[in-house]
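Residue numbers (our numbering): 35 to 349. Glycine included, C-beta positions come from ideal geometry on N, C-alpha and C.
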């Protein structure tokens with residue numbers, strides 16, 4: 035039980051965690067299935083999305099254990115929460131890096147970084163998971179199992195091994211997307227000055243993509259802002275916990291997998307692949323879903339990451 039909260043409040047937090055994690059697991063599992071079954075989606079950018087979804091999926095899976103208390107399941111939940119949560123937001127930095135190297139640096143060698151990405155993400159996640167293990171700081175953390183915060187050392191470890199890398203990733207992603215958007219705006223102005231109709235059209239397509247991808251750093255911010263505030267408050271006021279802040283903390287953090295699956299996975303490419311598969315299974319007169327999907331594709335156009343990379347490779 036979390037100190038300062040009633041048993042009923044602690045149980046409510048556990049239920050919020052389990053419910054939100056179930057939604058995240060479903061969304062991440064759907065994206066992983068799309069990658070496995072739709073071969074036309076297996077581009078390098080979507081491969082990064084696939085690994086992001088796997089991280090979210092396994093993190094959510096262990097959160098479905100609820101509050102296992104002491105024992106092996108508790109330690110398994112604590113290790114997996116730390117490892118796969120860190121891996122999740124690190125995979126977003128590889129996506130940002132890929133976009134920056136392709137659009138800003140005009141490099142076409144991004145696929146060659148695949149092994150480096152795996153070493154960076156899984157290696158860093160392992161290190162951030164092992165550090166609290168050295169001091170035996172995993173265990174019951176209130177309504178779930180994670181790095182324990184009964185001691186000052188445990189609180190410091192959470193900041194060092196989780197929140198510092200997290201906000202480093204947020205800062206990196208935000209900087210990258212700012213640079214990419216600034217460059218695309220410059221390209222749009224140059225195309226207008228040169229009266230280059232083709233470049234103007236391409237610039238609009240690229241900006242539409244960035245209008246979509248530019249929201250992705252907000253996922254990390256939105257998912258972990260309340261968690262960061264809650265940890266700071268708990269550090270400053272260790273004996274005065276706010277139940278409503280815990281609810282926002284757990285609710286938004288546990289939904290990160292769902293947010294990622296919507297932002298990274300439910301794009302025009304995925305919808306087209308789903309539509310093609312559904313067309314093979316249902317007769318035309320029963321295709322009530324098709325107008326809706328067509329409208330979505332019309333609104334988004336080619337506003338995805340893959341067309342941006344393709345256009346940069348061709349320039």
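Could you pull out every residue in the same chain whose Cβ sits closer than 8 Å to the Cβ of residue 256, ignoring the five residues on either side in sequence?
Once the five neighbours on either side are set aside, the close Cβ partners of residue 256 are 286 and 293.
In three-state terms, what does DSSP make of residue 105?
Correct three-state label for residue 105: coil.
Using the Cα positions of residue 141 and residue 271, report the straight-line distance between them to the nearest angstrom.
Between residue 141 and residue 271, the C-alpha separation is close to 49 Å.
Just how far apart, CA to CA, sit residue 181 and residue 42?
One C-alpha to the other measures close to 22 Å.
Going by Cα to Cα distance, which pick from 122, 49, 211 and 73 is closest to residue 83?
Ranking the options by Cα distance to residue 83, first place goes to 122.
Pair every Cβ in the stretch 88 to 101 with every Cβ in the stretch 38 to 55, then say whether three or more of these pairs are closer than 8 Å.
A contact exists between the stretch 88 to 101 and the stretch 38 to 55.
Tell me whether residue 208 sits in a helix, a strand or coil according to DSSP, three-state version.
Helix.
What are the boundary residues of the beta strand (DSSP E) that residue 146 is part of?
Per DSSP, residue 146 belongs to no beta strand (DSSP E) and is neither H nor E.
Can you give the Cα-Cα distance for residue 159 and residue 51, rounded to whole angstroms?
Approximately 22 Å, taken between the alpha carbons.
Over what stretch of residues does the beta strand (DSSP E) that includes residue 172 continue unbroken?
Residues 172 to 174.
Ignore the nearest five residues each way along the sequence and tell me which others in residue 258's own chain have a CB closer than 7 Å to its CB.
The answer, listed in chain order, is 200 and 287.
Can you tell me where the beta strand (DSSP E) holding residue 181 begins and where it ends?
That run of the beta strand (DSSP E) goes 179 to 181.
Whole angstroms are fine: how far does the CA of residue 306 sit from the CA of residue 328?
Caution is warranted here: a pLDDT of 44 is assigned to residue 328, below 50, making its placement in the model unreliable, and the coordinate value is therefore given only provisionally. Looking at the two C-alpha atoms, the distance is approximately 9 Å.
With DSSP as the reference, label residue 310 as helix, strand or coil.
Of the three classes helix, strand and coil, the one that applies to residue 310 here is helix, per DSSP.
Among the candidates 155, 130, 308 and 278, whose CA atom is the shortest distance from the CA of residue 252?
Taking only the C-alpha atoms, the option nearest residue 252 is 130.
How long is the line joining the alpha carbons of residue 275 and residue 66, rounded to whole angstroms?
So the alpha carbons of these two residues sit roughly 38 Å apart.
Since residue 53 is in the alpha helix (DSSP H), which residue starts that stretch and which ends it?
That run of the alpha helix (DSSP H) goes 41 to 71.
Could you check what DSSP says for residue 100 in three-state terms: helix, strand or coil?
Correct three-state label for residue 100: coil.
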